[in-house]
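2 protein chains.
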Amino acid sequence: MKLLITGGGGFLGSRLASTLLARGQLAGQKIRSMVLADQVAAGPKLLADARVQMRTGPLLAQCAALREEAFDGVFHLASAVSGECEADFELGLRSNLDSTRALLDALRLNVAGGGAVPRLVFSSSVAVFGPDPGVPLPRLVADDTLPAPQTSYGTQKLICEHLISDYTRKGYIDGRSARLMTVTVRPGRPNGAASSFFSGIIREPLAGVEAILPVDADVSHPVSSPALTIEGLIRVFEASRAEFGGRLALNLPALNVRVGDMLEALEAVAGKRVRERVRHVRDERIAGIVANWPTGASFARATRLGLKPAASFAHIVRQYIEDCRNSPDAETTLKGMLQ
Amino acid sequence: MKLLITGGGGFLGSRLASTLLARGQLAGQKIRSMVLADQVAAGPKLLADARVQMRTGPLLAQCAALREEAFDGVFHLASAVSGECEADFELGLRSNLDSTRALLDALRLNVAGGGAVPRLVFSSSVAVFGPDPGVPLPRLVADDTLPAPQTSYGTQKLICEHLISDYTRKGYIDGRSARLMTVTVRPGRPNGAASSFFSGIIREPLAGVEAILPVDADVSHPVSSPALTIEGLIRVFEASRAEFGGRLALNLPALNVRVGDMLEALEAVAGKRVRERVRHVRDERIAGIVANWPTGASFARATRLGLKPAASFAHIVRQYIEDCRNSPDAETTLKGMLQ
Chain A
646 MKLLITGGGG FLGSRLASTL LARGQLAGQK IRSMVLADQV AAGPKLLADA RVQMRTGPLL
706 AQCAALREEA FDGVFHLASA VSGECEADFE LGLRSNLDST RALLDALRLN VAGGGAVPRL
766 VFSSSVAVFG PDPGVPLPRL VADDTLPAPQ TSYGTQKLIC EHLISDYTRK GYIDGRSARL
826 MTVTVRPGRP NGAASSFFSG IIREPLAGVE AILPVDADVS HPVSSPALTI EGLIRVFEAS
886 RAEFGGRLAL NLPALNVRVG DMLEALEAVA GKRVRERVRH VRDERIAGIV ANWPTGASFA
946 RATRLGLKPA ASFAHIVRQY IEDCRNSPDA ETTLKGMLQ
Chain B
646 MKLLITGGGG FLGSRLASTL LARGQLAGQK IRSMVLADQV AAGPKLLADA RVQMRTGPLL
706 AQCAALREEA FDGVFHLASA VSGECEADFE LGLRSNLDST RALLDALRLN VAGGGAVPRL
766 VFSSSVAVFG PDPGVPLPRL VADDTLPAPQ TSYGTQKLIC EHLISDYTRK GYIDGRSARL
826 MTVTVRPGRP NGAASSFFSG IIREPLAGVE AILPVDADVS HPVSSPALTI EGLIRVFEAS
886 RAEFGGRLAL NLPALNVRVG DMLEALEAVA GKRVRERVRH VRDERIAGIV ANWPTGASFA
946 RATRLGLKPA ASFAHIVRQY IEDCRNSPDA ETTLKGMLQ
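Respectively, the protein sequence lines represent chains A and B. With this note's numbering as the guide, the letters of the first sequence map in order to residues 646 to 984. With this note's numbering as the guide, the letters of the second sequence map in order to residues 646 to 984.
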């Protein structure tokens with residue numbers, strides 16, 4: 646089979662690509678080739694795989710050519726993040742809405758020209774949930790909670806969910822939308838997302854760097870690890886349409902965890918000295934944004950697909966440390982533990 | 646104030662224009678000029694009003710020029726109807742999604758250039774509600790029922806609601822979305838909507854023409870009259886943002902009525918001979934579409950704005966007859982009563 650991963654040069658996209666290439670198959674079919682589309686190229690290890698073709702440049706500019714190309718499967722992960730979309734409205738519309746629309750139309754026109762109907766998984770987000778000022782969120786947002794996004798990012802993700810449902814209903818694609826929880830621990834540097842600190846308060850202290858916690862310790866939030874997020878995307882791809890039993894958007898499993906408990910887990914796994922590198926300096930702007938986010942999520946439909954959240958946040962921290970140990974950068978990324 | 650009515654050449658748009666021109670003011674401001682944008686021109690009476698400017702042509706093609714023009718208020722009614730959108734997917738995307746997006750961007754760019762933030766009312770639809778195969782609809786769809794549209798038309802209306810919420814949140818417009826119920830009795834000829842018979846079974850017999858009822862008499866449906874729909878659009882425009890108390894989309898009032906009761910009302914108002922011109926010939930295609938529609942709607946938020954549904958379907962029939970009597974076509978449109 647031939648796969649397309651948009652955002653394939655990014656953190657989740659590259660990790661998904663590596664995982665799939667190591668598996669060798671998806672939904673019972675051998676993976677013969679994989680196109681990664683992204684603004685930035687993936688790492689050398691991925692590019693060295695003979696099955697991988699990297700295409701750099703904005704997705705929107707790549708879509709016209711995609712009309713001529715048949716894919717068996719698509720993971721559509723390319724996206725501008727929440728902070729960027731709030732700061733630059735046109736960027737968000739272009740990167741998240743227009744690009745998705747152009748991708749869906751490229752796939753539709755390929756099918757109209759005789760190509761097979763591709764299966765598509767879209768990475769949506771828990772950010773589709775408000776809260777709306779007039780409609781308080783439930784303690785846990787569920788698969789069927791009314792989405793009333795309060796960010797452009799969440800709005801664009803929700804709109805794409807509905808486009809994907811309609812293109813699927815019409816038979817142009819076989820689409821489904823997986824709402825990602827906040828992924829932590831992300832490696833690398835902070836990004837423009839207001840949720841960036843959910844990774845920073847673990848990643849930086851482990852690297853021996855001070856981290857700022859901009860919200861109070863009793864803030865609760867639905868998170869997932871990179872590995873479980875990838876597992877979720879693959880399972881959602883492999884599910885039959887019948888397994889969905891209707892609506893095509895679902896919440897991926899969440900570990901609903903307090904920031905204070907995240908720090909406790911960090912201390913339990915990596916020691917007091919590491920944890921003490923986190924300083925609480927409340928940032929009213931970030932605290933205000935986060936106060937509007939869901940404090941947790943339920944995921945009945947993902948559970949029916951056999952998916953599970955992390956057993957505890959300590960598991961997530963241990964997994965991150967394990968990932969770092971297996972990478973060439975371990976001396977930097979785990980410097981704070983080695984000191 | 647200067648108003649724009651998209652779809653201003655159509656039935657509802659023209660009626661809204663006449664009503665507003667007769668009032669002379671909106672939200673306490675004098676109406677000095679009114680631009681009607683539509684593919685077809687409005688009738689001569691509207692065009693004769695010195696305040697009216699008609700602009701014919703596709704809305705999408707008109708939007709670039711609109712960037713240079715400041716409006717105090719916009720009623721965005723232009724839309725392809727449900728049947729058209731199912732038959733021609735690209736037409737639906739272009740007419741309902743791309744045109745709305747272009748209109749919103751024209752308004753946004755005008756504001757960015759120093760114009761005042763325009764108030765905008767969008768005519769959404771009860772078609773935003775599914776039902777989704779996996780999520781049965783409640784007996785009455787409410788303001789906060791989870792929308793899971795099963796038509797391209799409903800999908801596009803829902804997407805536009807979310808765009809309007811986000812443009813409003815960002816301060817580019819002051820938008821709100823009113824979900825219209827099925828408007829009956831529409832004058833004129835049947836249109837491409839699957840709901841067309843809800844008008845046909847009243848309008849044709851009154852004109853002395855046989856009408857086909859394609860569904861069973863026990864089908865229930867949320868309807869509203871043209872006059873009450875216009876009243877709703879104006880009230881939603883005049884409401885302050887505080888009156889919304891959060892979410893910007895609401896159901897307009899519905900009279901939830903069985904088709905059998907519609908025919909009883911027709912007989913009560915216009916006589917047995919008129920009613921007997923309706924023949925029940927079940928059309929499986931239309932019956933199948935209608936079986937997926939909400940059987941009724943609730944409208945708590947509209948009630949808080951002081952809006953009410955028709956007191957009975959007989960009121961709606963009488964109002965239609967009254968409208969016909971006041972028009973030059975009365976001899977044709979009421980031929981079935983005069984015979």
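By construction, the Cβ of each residue, glycine as well, lies at the ideal position given by its N, Cα and C atoms.
B:F656 and B:P859 look like a contact to me (Cβ under 8 Å); what is the Cβ gap, rounded to whole Å?
The residue you call residue 656 of chain B lines up with position 11 of the second sequence. The residue you call residue 859 of chain B lines up with position 214 of the second sequence. Going by Cβ atoms, the distance from B:F656 to B:P859 rounds to 22 Å, so no, they are not a contact pair.
What would DSSP say about A:T977, mapped onto helix, strand or coil?
Within the first sequence, numbered from 1, the residue matching residue 977 of chain A stands at position 332. In the structure shown, A:T977 sits in a helix (DSSP, three-state: H, G or I).
Verify the CB distance criterion: does B:D811 have a CB-CB separation below 8 Å to chain A?
As a working note, residue 811 of chain B is residue 166 in the second sequence. Closer than 8 Å to some Cβ of chain A, the Cβ of B:D811 qualifies, so yes.
Would you check if there are 3 or more beta carbon pairs closer than 8 Å linking the stretch 936-948 of chain B to the stretch 780-789 of chain B?
In short, these stretches touch, since the Cβ pair count reaches three.
Give the single residue among B:A839, B:V830 and B:S869 whose Cα lies nearest to the Cα of B:T978.
Walking along the second sequence from the start, residue 978 of chain B turns up at place 333. Of the candidates B:A839, B:V830 and B:S869, the one whose C-alpha sits nearest the C-alpha of B:T978 is B:V830.
Got a sec? Which residues, its chain only, sit under 7 Å from A:A899 by beta carbon, not counting five neighbours each side?
Residue numbering aside, residue 899 of chain A sits at position 254 when the first sequence is read from its first letter. So the list reads M826, P867, V868, S869, G941, A942, F944 and P954, once near-sequence residues are dropped.
Determine the extent of the alpha helix (DSSP H) in which A:K690 is found, giving its start and end residues.
The residue given as residue 690 of chain A occupies position 45 in the first sequence. Its alpha helix (DSSP H) spans residues P689 to L692.
Say whether chain A places a C-beta atom closer than 8 Å to the C-beta of B:H721.
For the purposes of this step, residue 721 of chain B is taken as residue 76 along the second sequence, with counting starting at 1. It does not; no Cβ of chain A falls within 8 Å.
So the beta strand (DSSP E) B:Q684 belongs to, where does it begin and stop?
Counting from one through the second sequence, the residue named residue 684 of chain B turns up at place 39. That residue, B:Q684, is in no beta strand (DSSP E); it is neither H nor E in DSSP.
Mind pulling the chain A residues with CB within less than 7 Å of B:K802?
What you label residue 802 of chain B is simply residue 157 of the second sequence in a count that begins at 1. None at all; the shortest Cβ gap to chain A is about 10 Å.
Using the beta-carbon of each residue, which ones in chain B are nearer than 8 Å to A:K815?
Looking up residue 815 of chain A in the first sequence gives position 170. Result: F734 and S797.
Using a Cβ-Cβ cut-off of 8 Å, state whether A:G890 counts as contacting chain B.
Stepping through the first sequence from its first residue, residue 890 of chain A is reached at position 245. Yes, because at least one Cβ of chain B sits closer than 8 Å to the Cβ of A:G890.
Check whether chain A comes within 8 Å of B:P778, counting only Cβ atoms and requiring the distance to be less than that.
The residue you call residue 778 of chain B lines up with position 133 of the second sequence. Yes, its Cβ sits closer than 8 Å to a Cβ of chain A.
Are the CB atoms of A:G702 and A:Q684 within a distance shorter than 8 Å?
Along the first sequence, one-based indexing puts residue 684 of chain A at 39. Along the first sequence, one-based indexing puts residue 702 of chain A at 57. Yes, the Cβ-Cβ distance between A:Q684 and A:G702 is below 8 Å.
Distance check for B:L704 and B:L649, CA to CA, integer angstroms please.
Looking up residue 649 of chain B in the second sequence gives position 4. Looking up residue 704 of chain B in the second sequence gives position 59. Using only the alpha carbons, I get a separation of about 12 Å.
For the pair the stretch 793-810 of chain A and the stretch 800-807 of chain B, tell me if three or more CB-CB distances fall below 8 Å.
They touch, by the three-pair rule.
At what residues does the beta strand (DSSP E) containing A:K647 begin and finish?
Working through the first sequence from its first residue, we reach residue 647 of chain A at position 2. Unbroken beta strand (DSSP E) run through A:K647: K647 to T651.
Interface residues of chain A around B:A793 at Cβ under 7 Å?
Your numbering for residue 793 of chain B matches position 148 in the second sequence. Going along chain A in sequence order, the residues near B:A793 (Cβ under 7 Å) are R892.
Quick one: what's B:H866 bridged to in DSSP?
Position 221 of the second sequence, counted from the start, is the residue given in the question as residue 866 of chain B. Bridge partners of B:H866: B:V902.
Kindly indicate which three-state DSSP category A:I818 falls into: helix, strand or coil?
Within the first sequence, the letter at position 173 stands for residue 818 of chain A. If DSSP states are grouped into helix, strand and coil, A:I818 belongs with coil.
Between A:H807 and chain B, is there a C-beta pair that is closer than 8 Å?
Within the first sequence, residue 807 of chain A is the residue found at index 162, counting from 1. It does: the Cβ of A:H807 has a partner Cβ on chain B nearer than 8 Å.
How long is the line joining the alpha carbons of A:L908 and A:I875, rounded to whole angstroms?
Against the first sequence, residue 908 of chain A aligns to sequence position 263. Against the first sequence, residue 875 of chain A aligns to sequence position 230. C-alpha separation (whole angstroms): 24 Å.
Please give the ranges of any beta strand (DSSP E) in the stretch 763-798 of chain B, keeping only runs that are unbroken, at least 3 residues long and fully inside the region.
Taking only runs of at least 3 residues, the beta strand (DSSP E) segments lying wholly in the stretch 763-798 of chain B are 764-770.
So, A:L722 versus A:T813, is the Cβ gap smaller than 8 Å?
To locate residue 722 of chain A, count along the first sequence from 1; it is residue 77. To locate residue 813 of chain A, count along the first sequence from 1; it is residue 168. Taking 8 Å as the Cβ cut-off, A:L722 and A:T813 do not qualify as a contacting pair.
Taking C-beta pairs closer than 8 Å, name the residues in chain B that A:D819 reaches, listed in chain order.
As a working mapping, residue 819 of chain A is identified with position 174 in the first sequence. What A:D819 touches in chain B: nothing, since even the nearest Cβ is about 15 Å away.
Give me the Cα-Cα distance between A:Q707 and A:L666, rounded to the nearest whole angstrom.
Sequence index remark: in the first sequence, residue 707 of chain A carries index 62 (1-based). Sequence index remark: in the first sequence, residue 666 of chain A carries index 21 (1-based). Near 23 Å, if we compare the C-alpha coordinates of A:L666 and A:Q707.
Are any of the Cβ atoms in chain A nearer than 8 Å to that of B:G861?
Against the second sequence, residue 861 of chain B aligns to sequence position 216. Residue identity check: residue 861 of chain B is Asp in the sequence provided, not Gly. It does not: the Cβ of B:D861 has no partner Cβ on chain A nearer than 8 Å.
Pull up the distance between the alpha-carbon of A:K647 and that of A:P689, whole angstroms please.
Numbered from 1 along the first sequence, position 2 holds the residue referred to as residue 647 of chain A. Numbered from 1 along the first sequence, position 44 holds the residue referred to as residue 689 of chain A. Their backbone Cα atoms lie some 21 Å apart in a straight line.
Which residues mark the beginning and the end of the beta strand (DSSP E) in which A:I857 is found?
Reading the first sequence from its first residue, position 212 is the one you call residue 857 of chain A. Note, A:I857: beta strand (DSSP E), A856 to L858.
Since B:D928 meets chain A, which of its residues come closer than 7 Å, beta carbon to beta carbon?
As a first step, residue 928 of chain B must be located in the second sequence, where it is residue number 283. Neighbours of B:D928 on chain A: none; closest Cβ ~21 Å, over 7 Å.
Enumerate in chain order the residues of its own chain whose CB-to-CB distance from B:F843 is below 7 Å, with the five nearest sequence positions on each side excluded.
One-based indexing of the second sequence puts residue 843 of chain B at position 198. So the qualifying residues of the chain are T827, T829, H866 and V868.
Output the distance between the C-alpha atoms of A:P871 and A:A823, rounded to the nearest integer angstrom.
Here residue 871 of chain A is taken as the residue at index 226 of the first sequence, counted from 1. Here residue 823 of chain A is taken as the residue at index 178 of the first sequence, counted from 1. Each residue's Cα considered, the two are about 14 Å apart.
In angstroms, rounded to a whole number, what distance separates the CA positions of B:F734 and B:S797?
Locating residue 734 of chain B in the second sequence gives position 89, counting from the first residue. Locating residue 797 of chain B in the second sequence gives position 152, counting from the first residue. Whole-angstrom Cα-Cα distance: 7 Å.
Determine whether the Cβ of B:D789 lies closer than 8 Å to any Cβ atom of chain A.
Taking the second sequence and counting its residues from 1, one reaches residue 789 of chain B at position 144. True, the Cβ-Cβ gap to chain A drops below 8 Å.
Measure the Cβ-Cβ separation of A:G933 and A:G837 and say whether it is below 8 Å.
Along the first sequence, read from residue 1 onward, the residue named residue 933 of chain A stands at position 288. Along the first sequence, read from residue 1 onward, the residue named residue 837 of chain A stands at position 192. Cβ atoms of A:G933 and A:G837: not closer than 8 Å.
Three or more beta-carbon pairs under 8 Å between the stretch 713-720 of chain B and the stretch 758-768 of chain B, yes or no?
Counting Cβ pairs under 8 Å, three or more are found: they touch.
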